[in-house]
Amino acid sequence: MEKMPKWADIVLTPLISLALAFLISGLVILALGENPWEAVKVMVTGALGSSYGWGFTLYYTTNFIFTGLAVSVAYHAGLFNIGGEGQATLGGLGVALACLYIPWPHWSLALIGAACAGAAFGAFWALIPAWLQAKRGSHIVITTIMFNFIAAALLNYILVNLLRPVGSMDPATPNFPAATHLPTISEIAASFGMKWGQHTPVNVTLALALLACLGVWLLIWRSRLGYEIRAFGKSEPAALYAGISPVRITIIAMVISGGLAGLMAVNNVMGEAQRLVMNSVEGAGFIGIAVALMGRNHPFGVLLAALLFGFLYQGGGELALWTSIPRELITVIQALVILFTGALDNLVRMPLERLFARRRNGS
Amino acid sequence: MSASPGEGPQSRPAAAGYAIELRAISKSFGPVQANKDIDLAVPRGTIHGIIGENGAGKSTLMSILYGFYRPDSGEILINGQRVAITDSQSAIRAGIGMVFQHFKLVQNFTVLENIILGAEDGALLRPSLSRARGELKRLAAEYELQVDPDALIEELSVGHQQRVEILKALYRQADILILDEPTGVLTPAEADHLFRILRGLRDEGKTIILITHKLREIMEVTDNVSVMRRGEMVASVRTAETSPTELAELMVGRKVLLQVPKAPAQPGAPVLEIRGLSMTDRDGVERLRNVDLTIRRGEIVGLAGVSGNGQTQLLEILGGYSEPGAKLSGEIRVNGTALPLAGPGANGRARRAASIGHVPEDRQREGLIMDFAAWEDTAFGYQDAPEFSRGALMDHKAMQSDATGKIARFDVRPPNPELAAKNFSGGNQQKLVVAREIERNPDLLLVGQPTRGVDIGAIEFIHKRIVELRDRGSAILLVSVELDEIRSLSDRIAVMFDGRIMGERLPAETSSADLGCLMAGIIPSDPIEVPA
Amino acid sequence: MDYATLLQIVDSAVRLMTPLLFACLAGLYSERAGIFDIGLEGKMLMAAFVSASVAFATGSAWLGLIAGVAGALGMSLIHGLASITLRGNQLISGVAINFLASGLTVLLGQKLFGLGGRTPQLSGNARFLEITLPFTETIGKIPVLGPIYVEVISGQTVLVYIAFLCVPLTWWVLYRTRFGLRLRAVGENPASVDTAGISVARIRYAAVLICGVLCGLAGAYLATALAAGFVKEMTAGRGYIALAALIFAKWRPWYALFATFLFGLMEAISNRFPDLNLGPVTVPSMFMNALPYILTIIILAGFVGRAIPPRAGGEPYVKER
Amino acid sequence: DPALIFDLGGKFDKSFNEAAYQGAERWKAETGGSYKELEMQSEAQREQALRRLAETGANPIVMTGFAFGEVLNKVAPDYPNTKFAIIDTEVDQPNVQSVVFAEPEGSYLAGVLAALASKSGTVGFIGGMDIPLIHKFECGYAQGVKATNPNAKVLINYTGTTPNAWNDPVKGAELAKAQKSQGADVIYAAAGGTGIGVLQAAADMNILSIGVDSNQNHLHPGQVLTSMVKRVDNAVYDAFKAGPELQTGTREMNLKSDGVALAMDDNNKPLITAEMTAAVDKAATDIKDGTIKPHDYLTDNTCPVQ
Ligand SMILES: Nc1ncnc2c1ncn2[C@@H]1O[C@H](COP(=O)(O)OP(=O)(O)OP(=O)(O)O)[C@@H](O)[C@H]1O
Ligand SMILES: Nc1ncnc2c1ncn2[C@@H]1O[C@H](COP(=O)(O)OP(=O)(O)OP(=O)(O)O)[C@@H](O)[C@H]1O
Ligand SMILES: [Mg+2]
Ligand SMILES: [Mg+2]
């Protein structure tokens, strides 16, 4: 028997929490001397009010789905992967190399090739910490943090000294060949005779992200491997009893996690920038932690949380672009959303439970 | 509804010598009503037993008395005075001490540190520690409660950990001592020792409440006994005026068989053959020394011994895993095939493929994933069995219907396969594990402590199932620290001491004293002939 | 490398390790009490901002310090509320605090000073200045040891000395006082403390608040001693490094000293030898910059075994499910 | 109205974004006009911001930073009637003005001055992230130093490899101390917010520092030797002033066009001797008439000195 109905648990609680977060954000905006109502209007219309806004919202969402899934897969195995940032950076390198040095005949093949390369590079960057954890007992939280820094250094070196065209000021690769251009949603929509906001970065990678959600769901909740990952994540002695190898699961889970983080590069490097620049991940790896935790490590939850953060990113971007509110306000709103829906959700849940208990006893 | 021993509590004035009076205590956890209107009166200077099935609400009631939980309603009188027990501090002040079923010790603290925790004399530890050291010496001498004050808890045996818990209460000058299933983890000798201590304490005028599932213990040490069922207090009687059978019936609400009926064994071909098995753990301690053991089809071999003498290691090695860094030698054959001791081929999966079932000693740590739903746990270890698979995916429907069947056949309560394992009581968790392992009809079943902390009804049930499996032709290795269990269930008894098999006996031809000697490492008379 | 260079490197290491040490000890109190804290970074950042702002406004570094501590305490209270009272997820709360500090400092800074999140430069008494200890003249003449006194021990700001004193103090508090005993117990097995009649929440709050105070010192040290004012994101990942050092130190105070010193030392070395020339190849600056991280991994993999965190860490204490 | 887009470092980066902002403000103060400004917050926004501004009719649109190069190449042809100006890189489009600065020239002069001011014969350079742009500063500086004192030593440090490299005054200060302990007594910082820490530490240690991008002499009067000023403000100011008539093509901002310069004001006056003034002036004249050609690191990714 549950303390309150399921719908209240998974819908009502987050919604009230979200409302609280926005309420406080409004107070912050007010304190800055701006009009919160106007700000909300800018954010909502900017992010959701047009296909153009959606084009950006969904682009960011795509990034966050990948990094969020990455964190959640590792989390199910009891591993806290803070290294999404570095793994996505390396994924970018893989995607760039695949796009630059393989003459792809068609984008669809390029997509598959680049996805494999990105995933492989990201997986490799997670493999080392995983191996160190499994075999040497090095704490994965430290090693993944360290690998973020090392990835930044490595990419810096490679871009500046190896991949940058001579004479270019920009520490970035040359543009990828046209054949690797991924169709954006607006192009796809146009081919069906529909209109979707021009020049928005959302592209077919969104479909890949949704597939990844489905894949992770099948993996974690439907497959034998997922069963073993979850069992290991809950209890190592029990896993041993059941014949589940801790080394194997640690490495596999981290490789999948790193691969998912690496896949993000298909979206931002191949789909959007069409070249690899420094710091292309832009903190999405860290947002992935929040997305995964808020999404309760369930692919569907991750999808919703990624959408929420996509909205905040785009809506907040619009706010910073078109009003005098500094862009850091978005960071604050994100923080409040994470805080209220993630860490303080009992603030809402406990009174709600009491309310439902009273109603049940009353009736 | 309930009555104090002899007369009702109202008929005698409270001050006439009740150490504890509980009146109309109720407590629910969310939708679960753990205690309903409980009345209980315990005369000063007595040992009062409380029995009841798993989940009957015994622990909850005692936790309320100790201030760990707060009751929804009801009142508590200590020595006739109404006291408000709002937290454990107030209970301690009222002279109550409690030894929980799951010890509340800090594993990496020393004994002394655990003793003074919460009862320090001042802001600095040193004075408290030295006072406690002296006090401990005194208590140890007075009550035979020796324990090394500087040892870390994690290095102590469970029995010693329990002593620490008792010492904690005595150090706080408890007048009323509550013990929640104290003997579940003790060897018979340790349990006897504990009872001696309890009697000593009682004779000093202290009041003791003892929760246990073992009727023998109730009959042996208690003065009065109360029976709980499904959150209610169903009876309180003088121990001298009742019998185990009556108590068991009161508890379960039906007749129970205290002894499992079982036909004589008809052993067949050997299933398990262990030759010269030795193991040295990574700290260089020899855990198993040259163990030889054979178990045949249709026979139950009980492995008796004080815990910590290598039984755990033996079970783990047979189950396919052992602590990393251990050195192993010797030979294990199942149905004639040698099994690898270590390396990639030695894991639970391979052992299951070799038709070995395994009920581990610790159901919560090893046997179950506590957060998994029951239907996921009833496939645990068999996740790659063909009937649960559809390619790389698992067949949830098949798992669920399989679980529903097992739950029905093993009378798991509540019969809800969706419930997480942690939400079942200990006995029902154990039934889930036993069902999973027995129903696959393994050629060899390893069973570790099958009834630890399990109530009488469930014990009866689990024992029956084990005997049935034997009768279907399986070989069974039963490891237990309960001599009663070993004696009533085994067809042959092997005794383990310090990693060695000290000897084998037939249950009918041995005495508890004989076994006790072997368990202590002494070989009494010439060993009996083991049937070929 | 000559002796003087060595001392200069150690001197630099001492300065660089100080914020790490404060933050590491901060994390130690919190995590030893069972509250995981990846929000060290955010608390330090908030403290850095508040201390710089108040030091600028009042012209007093000490007032800045107090205010900085208060700022970090505010963040700690949020973390405590989330993870103790409301039994929320401690990791999420930590992440949120990092975001919150990162955004709020710039928003407030921009609102107050209009410098895009920077505070104005601090000067004079608004900063902690280096203290020259007595007798440097005489002691400095002693061979070998003298230069250590002059170069490394003397000439640090007062906060450095406080940081180093915090190590034995923490050890003493943890292992010699009633409070420390209870704090460690609460991180290992909160039920043991609860059944002893002591409030788990109260001890955990105390730990989290001490964590705030130490993070406050770390942040104030960054903004008012090492630098002269606040710059956005000026903690630059030091909170995460402190966390790594904490795990490295296996949650023990003396080890924390060595772990943070190691991090400081490696950074000082990479500062001092930006283009390490190894005969035929010159290591590029990028890799010298990453050296501390690479070495950390090598050391962890090679020499430090499994670090076992406090057993009750990360889980809220719930007795009635 | 004209518009200005700041790069990811933000408007107040103590570096060229801030200089651009000052130029725009100067234009606003002088003409009373108004302009739109945007701050980037992610890579994906670059194109969005450019297009949205172009669609609102802003003209010209000025953007700071080489990172806009690729995007502008894509966007400019779609808005042939809008003029764009990009700072720090060249974009070859008919409606784009590319403003490039001769950092090596200005840095060369800074090097000359540093070499003369240094008593120890050792000077330092502290860069932010190790990227080609900063190497242009470094190499020009080193050339100036060596040309003035061939025996001088130039210590070089870069702050880091993450975006934090631009925002870490603590590390900047520590690097300055490390360089001082190796003998440096003049340190040139080209490191954004990190440079603030360098200048501060230099002042604390009583050695000289050289600021960058905007005039930072006032930060520690009498202790900042000079600042290598990139007149990004002028570039923005001029572009705004030209309005839709903005001249396209490449605009060289060098010594000759006063696009780069050493800042000389009351704050550093006491530090500058007549000899220094003479040497700097001489070098400046030589550069202007081509007698000296400071090498541009970018042309071959190498630096002739060191
Ligand atoms: N902390 C808790 N939260 C929720 N429910 C609980 C909690 N503790 C006990 N219960 C429920 O209260 C009921 C009584 O449990 P309790 O542990 O008191 O039984 P018990 O008689 O001690 O059983 P056992 O013999 O297994 O120890 C059970 O149904 C149990 O599910
Ligand atoms: N959400 C829940 N709803 C109902 N009962 C619960 C819930 N969570 C836990 N329980 C009960 O709480 C009890 C926990 O108490 P405890 O740890 O004493 O277990 P136990 O039954 O005594 O097991 P064992 O005897 O094996 O130690 C369990 O019996 C379990 O049934
Ligand atoms: Mg119980
Ligand atoms: Mg029990």
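Chains as they are written, first to last, in the working numbering: chain H, 1 to 363; chain U, 364 to 895; chain Y, 896 to 1216; chain C, 1217 to 1522.
We treat Cβ as the ideally placed atom computed from N, Cα and C, and that holds for glycine.
Open item on the list: Closer than 7 Å to a non-hydrogen atom of ligand 1 - does that hold for the CB of residue 544 of chain U?
Closed with: For residue 544 of chain U, the shortest C-beta to heavy atom distance toward ligand 1 is below 7 Å.
Task: Residues that residue 1181 of chain Y contacts on chain C, provided the C-beta gap is smaller than 7 Å - done: Result: 1346, 1377.
Open item on the list: I want to verify the contact list: residues of chain Y whose CB lies under 8 Å from the CB of residue 487 of chain U, in sequence order.
Closed with: Neighbours of residue 487 of chain U on chain Y, chain order: 1071, 1072, 1073.
- [ ] Could you tell me which of H:52, H:356, H:164, H:7 sits nearest to residue 278 of chain H, measuring between CA atoms?
- [x] Minimum Cα distance to residue 278 of chain H is reached at H:164.
Task: Neighbouring residues, chain Y, relative to residue 334 of chain H (Cβ below 8 Å) - done: 994, 998, listed in chain order.
Open item on the list: On the CB-based measure, 16 or more other CB atoms within 10 Å of its CB, does residue 194 of chain H come out buried or exposed?
Closed with: The residue in question, residue 194 of chain H, is exposed, as its Cβ has fewer than 16 Cβ neighbours within 10 Å.
TODO: Could you spell out where the alpha helix (DSSP H) holding residue 944 of chain Y opens and where it closes?
DONE: Note, residue 944 of chain Y: alpha helix (DSSP H), 935-953.
Task: Pick from U:387, U:401, U:823, U:772 that is closest to residue 618 of chain U, judged by C-alpha positions - done: Closest in C-alpha terms to residue 618 of chain U, from the list U:387, U:401, U:823, U:772, comes U:823.
- [ ] With a threshold of 16 other CB atoms inside 10 Å of the CB of residue 567 of chain U, please say whether the residue is buried or exposed.
- [x] Around the CB of residue 567 of chain U, fewer than 16 other CB atoms lie within 10 Å, so the residue is classed as exposed.
Open item on the list: Is any non-hydrogen atom of ligand 1 found closer than 7 Å to the C-beta of residue 423 of chain U, if you look at the structure I gave you?
Closed with: Under cutoff, so the answer is yes.
TODO: With 8 Å as the threshold, decide whether the Cβ of residue 1295 of chain C is near any Cβ in chain Y.
DONE: Not an interface residue.
Task: Length of the line joining the Cα atoms of residue 773 of chain U and residue 467 of chain U - done: About 32 Å.
Open item on the list: At a cut-off of 7 Å, would you count residue 827 of chain U as near ligand 1, judging by its Cβ distance to the nearest heavy atom?
Closed with: Flag unset: Cβ of residue 827 of chain U not near ligand 1.
TODO: Using a Cβ cut-off of 8 Å, pull out every chain U residue sitting near residue 901 of chain Y, in sequence order please.
DONE: Correct list: empty, because the minimum Cβ distance to chain U is about 39 Å.
Open item on the list: Helix, strand or coil for residue 411 of chain U? Go by DSSP, reduced to three states.
Closed with: Here residue 411 of chain U carries a strand assignment [DSSP, helix/strand/coil].
Task: Proximal chain H residues relative to residue 684 of chain U, where beta-carbon distance stays under 8 Å - done: Chain H residues near residue 684 of chain U: 240, 241, 243.
- [ ] Please report how far the alpha carbon of residue 1492 of chain C lies from the alpha carbon of residue 1231 of chain C, in whole angstroms.
- [x] Roughly 26 Å separates the two Cα atoms.
Open item on the list: Do residue 660 of chain U and residue 454 of chain U have their beta-carbon atoms positioned less than 8 Å apart in this structure?
Closed with: Result no, Cβ atoms of residue 454 of chain U and residue 660 of chain U do not sit closer than 8 Å.
TODO: State yes or no: is the C-beta of residue 792 of chain U nearer than 7 Å to some heavy atom of ligand 1?
DONE: Not so, every heavy atom of ligand 1 lies at least 7 Å from the Cβ.
TODO: Would you kindly check if the distance between the Cβ of residue 1487 of chain C and the Cβ of residue 1313 of chain C is under 8 Å?
DONE: Cβ distance not < 8 Å, so residue 1313 of chain C and residue 1487 of chain C don't count as in contact.
Open item on the list: Rounded to the nearest angstrom, what separates residue 368 of chain U and residue 538 of chain U at their Cα positions?
Closed with: In this predicted model, residue 368 of chain U has a pLDDT of only 45, less than 50, meaning its place in the structure is not dependable; the value taken from the coordinates is given anyway. Distance between the alpha carbons of residue 368 of chain U and residue 538 of chain U is about 21 Å.
Task: residue 15 of chain H, DSSP secondary structure in three states - done: Residue 15 of chain H sits in a helix when the DSSP states are folded into three classes.
Task: Near ligand 1: residue 417 of chain U beta-carbon under 7 Å from a heavy atom - done: Within the cutoff, so yes.
Task: Residues near residue 1204 of chain Y in its chain [Cβ-Cβ closer than 6 Å; skip 5 each side] - done: Result list for residue 1204 of chain Y: empty, nothing under 6 Å.
Open item on the list: If you measure between the beta carbons of residue 1078 of chain Y and residue 943 of chain Y, is that distance less than 8 Å?
Closed with: Not closer than 8 Å, so no.
TODO: Taking 8 Å as the cut-off, decide whether the C-beta atoms of residue 947 of chain Y and residue 958 of chain Y are in contact.
DONE: Against a cut-off of 8 Å, the Cβ pair of residue 958 of chain Y and residue 947 of chain Y comes out as no contact.
- [ ] Output, in sequence order along the chain, the residues in the segment 39-73 of chain H whose CB is closer than 8 Å to any CB in chain C.
- [x] Close to chain C, meaning a Cβ-Cβ distance shorter than 8 Å, are the following residues of the segment 39-73 of chain H: 56, 59, 60.
Task: Meets three-Cβ-pair contact criterion under 8 Å: the segment 1064-1080 of chain Y and the segment 922-942 of chain Y - done: The segment 1064-1080 of chain Y, when compared against the segment 922-942 of chain Y, does touch it at the 8 Å Cβ threshold.
Task: C-alpha distance - residue 1152 of chain Y paired with residue 18 of chain H, whole-angstrom precision - done: The straight-line gap from Cα to Cα measures roughly 42 Å.
Task: Sub-8 Å separation of residue 540 of chain U and residue 581 of chain U beta-carbons - done: Contact check for residue 540 of chain U against residue 581 of chain U fails: the beta carbons are separated by 8 Å or more.
- [ ] Using a threshold of 8 Å, state whether the C-beta atoms of residue 68 of chain H and residue 295 of chain H are closer than that.
- [x] For residue 68 of chain H and residue 295 of chain H, yes; Cβs fall inside 8 Å.
Task: Contact set for residue 902 of chain Y: own chain, Cβ-Cβ below 7 Å, skip 5 residues either direction - done: Cβ neighbours of residue 902 of chain Y beyond the five flanking positions: 1042, 1043, 1046, 1047.
Task: According to DSSP, residues forming a beta bridge with residue 1491 of chain C - done: Residue 1491 of chain C pairs with nothing; no bridge assigned.
TODO: May I ask which residues mark the beginning and end of the beta strand (DSSP E) holding residue 856 of chain U?
DONE: Note, residue 856 of chain U: beta strand (DSSP E), 855-860.
Task: Under 8 Å by beta carbon: chain C residues contacting residue 272 of chain H - done: For residue 272 of chain H, the C-beta contacts it makes with chain C under 8 Å involve 1259, 1260, in order along the chain.
Task: CB-CB length for residue 1278 of chain C against residue 1455 of chain C, believed under 8 Å - done: 5 Å between Cβ atoms; contact.
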